[in-house]
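Okay, structure first, notes after.
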Amino acid sequence: MLSFASLPEGMGQIDELIRGISCNRSIQRLCIDADLGHAFDRMDIFFRDNSKLTELDFGGFNISHESARSLALALGRSQHKYEHISLEMSNLSDESITEIADALVTQSQLNYLAFSNNSLGRNGCAALGNTLMGWHAPSLTYLCLNSNTIDDQGLHSMVSGLKNCHNLTWLDLGGNQISAAGMKSLSELFHSDNCSLKDLFLSGMHIGDDGIVALAGALKGNTSLTHVRFNSEEAGITEVGWKALSKLLCDTSTVNNTYLSNHILQTVGYEGRGHDSFGVAQYLAMNKHLQEDAAIYKMFQSHRDFDMKPFFQRGLKFLPLAVKWFERAGKCRFRSDERYLHMLESRKLSAAYQFVREFQVLVLRGQA
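Numbering follows this note's numbering, in which position 219 of the sequence shown is assigned residue number 878; successive positions increment by one, without gaps.
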């Protein structure tokens, strides 16, 4: 690894440093936190010929459009594969990021990509989305785009590319200009068959009730996202938004809707600072600690009786299936909880009674 945060004084010494770097063929990670200026253009040989280089980490200084273009050309010509590219706090323009994103079309093996604290806008988003979409079997797991100028249209243009990244587990969109319309566009990602996203960061934005309601709607049916992180105090969420999240986590309108609620999400806001109103914190805790059994517990907690009428059309043939389901519920991880066991027994008896009452003639005759 080669890392430096300052440069020698005088262009002659800087040129000598660049020549030395360019002659090296063993550097695996290059981390630069100092402005190379025009000297950056003379590193083309290094990027082209160093086959062991897998990580580029530039940040904390302004990268001019000329330097960004040189980097894009080097990436486009490179025959070797990068795993990690970070260009953060570099004052990159949307035009610069567009050229770099276009050059990454051959880098589908990238695991980590960060453009935070720049000026990524609509054109850059479209270019990045096209690149992600064009990757075959992409390896990308971490994408950091916080503190840019991404708006709803820009986010929408990236969604298809994000969908193609089946290994993407960490996405940071905080500090941008995304509203409810942008949140709705994420539903395409959340509902894709191969979605593996687990962490979504939305800090530094006034999401508001419209945004959180849209996000809650987009997360219906999602089975991967476990953490949505943002600052609750700056997000501007009121009772309307928290109620929408509560319904997402546990829709008590019917037993079936409770079963189909979101039992994956574990964090909304920041860990340890969740919102306690409308059961949100309680439901999140259930998802976290009960995991695959969370649905069962919510059903028992929210409904005194399970309505069996929708299953009557199958006659008594459905009763054994119902019995097996209750047996499965009796083996879940909180089976030692006396309160839960009482709920289980009462719901089971109620379900059996509904069948007996509906088909009492068949029961008396001993017919199925």
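Even for Gly, the Cβ is constructed at its ideal location relative to N, Cα and C.
Here the structure is a predicted model, which means the values were calculated and not measured.
query                                                                                                        : result
The stretch 870–880 / the stretch 938–953 touching (three or more Cβ pairs under 8 Å)                        : no
Coil, strand or helix - residue 747 by DSSP                                                                  : strand
Length of the line joining the Cα atoms of residue 727 and residue 848                                       : 30 Å
Ranges of the alpha helix (DSSP H) found wholly within the stretch 718–794, counting only runs of at least 4 : 724–736, 753–762 and 781–793
Cβ separation of residue 809 and residue 856, assumed to be a contact under 8 Å, to the nearest whole Å      : Wrong, their Cβ atoms sit about 17 Å apart, outside the cutoff.
For residue 824, three-class secondary structure by DSSP                                                     : coil
Nearest residue (CA-CA) to residue 811, options 829, 750 and 842                                             : 842
Unbroken alpha helix (DSSP H) run spanning residue 948, endpoints                                            : 939–949
DSSP beta-bridge partners of residue 638                                                                     : This structure does not reach residue 638, given that the chain is present from 660 up to 1027, and the question cannot be answered.
Option in 832, 768 and 911 with minimal Cα separation from residue 776                                       : 832
Closest Cα partner of residue 825 within the set 981, 1016 and 854                                           : 854
Contacting residues, own chain, Cβ-Cβ under 7 Å from residue 632 (five flanking each side not counted)       : There is simply no residue 632 to check, as the chain begins at 660 and stops at 1027 in what is shown.
Of the residues 712, 828, 861 and 662, the one placed nearest residue 838, counting alpha carbons only       : 861
Sequence-distant residues of its chain with Cβ nearer than 6 Å to residue 655 (five each side left out)      : Because the chain spans 660 through 1027 in this model, residue 655 falls outside it and cannot be assessed.
Near the ligand GDP: residue 848 beta-carbon under 7 Å from a heavy atom                                     : The model depicted lacks the ligand GDP and carries no ligand whatsoever.
Where the beta strand (DSSP E) through residue 858 begins and ends                                           : 858–860
Residue of 719, 973, 858 and 962 minimising C-alpha distance to residue 1002                                 : 962
CA-to-CA distance, residue 863 to residue 1033, given in whole angstroms                                     : The requested residue 1033 is not part of the displayed model; the chain covers only 660 to 1027.
Residue 888: first and last residue of the uninterrupted beta strand (DSSP E) it sits in                     : 886–888
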